[in-house]
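In this note's numbering, the protein residues as written are 3 to 353.
Glycine included, every Cβ here is placed at the ideal spot set by N, Cα and C.
Below is one structure, written out as structure tokens; comments come after it.
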Ligand SMILES: [Zn+2]
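What follows is the structure, encoded as structure tokens:
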């Protein structure tokens, strides 16, 4: 496995910036596509420098997740009746409308939509086709030239639904996932703000578009976590006497991971102190032990309250996050104001 040189990495990042700054963005599809590619790089666990082939169906789920959050009525402080934000200068994009309909039908529960196999597969196919027809060939068009930074589109004309990633793209996306995500999100935010200028005078658009939907968590989630953690805080082990905080184990700021196993129950104080950091190996070990020991219990309970879960994917994302911390020699949170340097010891824990 070859890691792209520092120069290649820089060239890659400035290429992404060029696409975002100078490409033409009529609808927001291209942002969602770029995020889907970055998510694929992390979730697939692939890290080779070799060209990698994939199909737009591999990108459909992440694409849907981006819009799932956004396809709900946006209401601002002054009024209660929200409306869908405009996602295009033209008519609302078809896929966005479709996702908004399904979101309404399933009361905002993505897990329920996924369980209704037929409808979910149809949506994925529709999204995969749309990606192939629309943003896939447009994403890399800057001005009148095509910048082959990320992939080559295979197949006939502009309709091919298979792409071959350029060498080093997976590595670059994994190495710089957070940077790519924040570049994409800020470009996306500016774009949606421009499209909706008339309807908005707000400060919260950023949170609406990209934050975790905490209010949509089913109430049973807390009970599950309380049960498998025996009423204690995952981090300090102390008893939680009030409701406790539901925390994203891998912080949302690092990766927007809302699969069931990523939730832990913690003291509000421990949660605040941990903030956006990854945790020390002893906490990683406690988390992993909880998940392995209660595998069946947790999976059944998540199913019952419609929380998505997939421990293999979760573990790959955790592995990616710790690989980053290890190579950046980052600080891991241990307890209030106590940190330990990231090293390779996490590798022995998540096997
Ligand atoms: Zn605690």
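So is residue i buried or exposed if we call it buried at 16+ other beta carbons inside 10 Å?
i: residue 153; result: buried
i: residue 295; result: exposed
i: residue 331; result: exposed
i: residue 302; result: exposed
i: residue 63; result: buried
i: residue 194; result: buried
i: residue 85; result: exposed
i: residue 243; result: exposed
i: residue 274; result: exposed
i: residue 75; result: exposed
i: residue 246; result: buried
i: residue 300; result: buried
i: residue 343; result: exposed
Could you tell me which residues DSSP pairs with residue i in its beta bridges?
i: residue 234; result: 241
i: residue 54; result: 167
i: residue 337; result: 340
i: residue 265; result: 250
i: residue 76; result: 85
i: residue 90; result: 29
i: residue 147; result: 144
Along the alpha helix (DSSP H) that carries residue i, what are the first and last residues, could you check?
i: residue 124; result: 119–135
i: residue 18; result: 8–24
i: residue 66; result: 59–72
i: residue 351; result: 348–351
i: residue 313; result: 313–330
i: residue 295; result: 283–295
i: residue 180; result: 179–197
i: residue 398; result: Coverage of the chain is limited to positions 3 through 353, which leaves residue 398 absent and any answer about it impossible.
i: residue 209; result: 207–212
i: residue 273; result: 270–276
Quick check: the Cα distance between residue i and residue j, rounded to an integer number of angstroms?
i: residue 287; j: residue 280; result: 13 Å
i: residue 100; j: residue 339; result: 47 Å
i: residue 166; j: residue 107; result: 36 Å
i: residue 95; j: residue 293; result: 40 Å
i: residue 209; j: residue 118; result: 29 Å
i: residue 22; j: residue 73; result: 22 Å
i: residue 320; j: residue 252; result: 7 Å
i: residue 68; j: residue 88; result: 15 Å
I need the boundaries of the beta strand (DSSP E) containing residue i, first residue and last residue.
i: residue 153; result: 153–155
**OP:** For the region 30–46 and the region 105–121, state whether three or more C-beta atom pairs, one from each stretch, are separated by less than 8 Å.
**Re:** Output reads no: the region 105–121 does not touch the region 30–46.
**OP:** Check whether the region 3–17 touches the region 219–238, taking contact to mean three or more Cβ pairs, one atom from each stretch, closer than 8 Å.
**Re:** Three or more beta-carbon pairs separated by less than 8 Å are not found between the region 3–17 and the region 219–238, which leaves the two stretches without contact.
Original post:
On the three-pair Cβ rule with 8 Å, is the region 25–32 touching the region 163–183?
Top reply: The region 25–32 is not in contact with the region 163–183.
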